[in-house]
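Below you'll find the structure, written out as structure tokens, and then a few comments.
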Amino acid sequence: MLGGRAVDNNDLIETMLDETEIEDYHQKIYNLSLADKRDLLIKFKGDIMQHYKGDFILVMDVLPLHNTETYLVFYKNLFGTCDVVARPMEEFFEWVENAPGKVTQNKMRFEPVNITSRVIDNNK
107 MLGGRAVDNN DLIETMLDET EIEDYHQKIY NLSLADKRDL LIKFKGDIMQ HYKGDFILVM
167 DVLPLHNTET YLVFYKNLFG TCDVVARPME EFFEWVENAP GKVTQNKMRF EPVNITSRVI
227 DNNK
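Numbering-wise, my numbering comes out as the position in the sequence shown, counting from 1, plus 106.
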């Protein structure tokens, strides 16, 4: 529920990008069914998300694993060797606790981010 009304996936996307409601976002994602999580991730295809350790990824696709109810999220790391990785959707949305020696709060493995592009004037 957002503001006392039912929330659909479009509301979630708008809310997720509002940093003031990040805790609310975590709760909404946690309560979604697997089908709703899949539908939400499909809307993120082509978008950049941030790993809880700080690096960025590009969501490429969400595809079913043959003869199972498991979905895999394919994404490209936007750091290092820029590998393409497949991860089960359940892991994509899982909670990550503080790792030894890390200063992270409990959060989701990947979260959406707002990245604005800078326009470069090549005529200067």
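Quick reminder that beta carbons are idealized off the backbone N, C-alpha and C, glycines included.
Evaluate residue i with the Cβ neighbour count: other Cβ atoms within 10 Å of its Cβ, from every protein chain shown; 16 or more gives buried, anything less gives exposed.
i, result
"Asn163", "The question names Asn, but residue 163 in the sequence shown is Ile. Ile163 should be labelled buried."
"Phe185", "exposed"
"Pro170", "exposed"
"Tyr136", "exposed"
Does residue i come out as helix, strand or coil in the three-state DSSP assignment?
i, result
"Ile231", "Absent from the structure is residue 231, since the part of the chain shown begins at 107 and ends at 230."
"Leu140", "helix"
For residue i, which residues from the same chain have a beta carbon less than 8 Å from its beta carbon, with the 5 sequence-adjacent residues on both sides left out?
i, result
"Met195", "Leu140, Lys143, Arg144, Leu147, Val168, Thr176, Tyr177, Leu178, Val179"
"Asn173", "none"
Got a sec? Which residues, its chain only, sit under 6 Å from residue i by beta carbon, not counting five neighbours each side?
i, result
"Asp153", "Val165"
"Lys159", "none"
"Arg193", "Val179"
Can you tell me which residues form a DSSP beta bridge with residue i?
i, result
"Glu217", "Gln156"
"Tyr177", "Pro170"
"Ile135", "None, per the DSSP bridge assignment."
Nearest by alpha-carbon distance to residue i: which of the options is it?
i, options, result
"Val202", "Arg215, Asn183, Cys188, Ala192", "Arg215"
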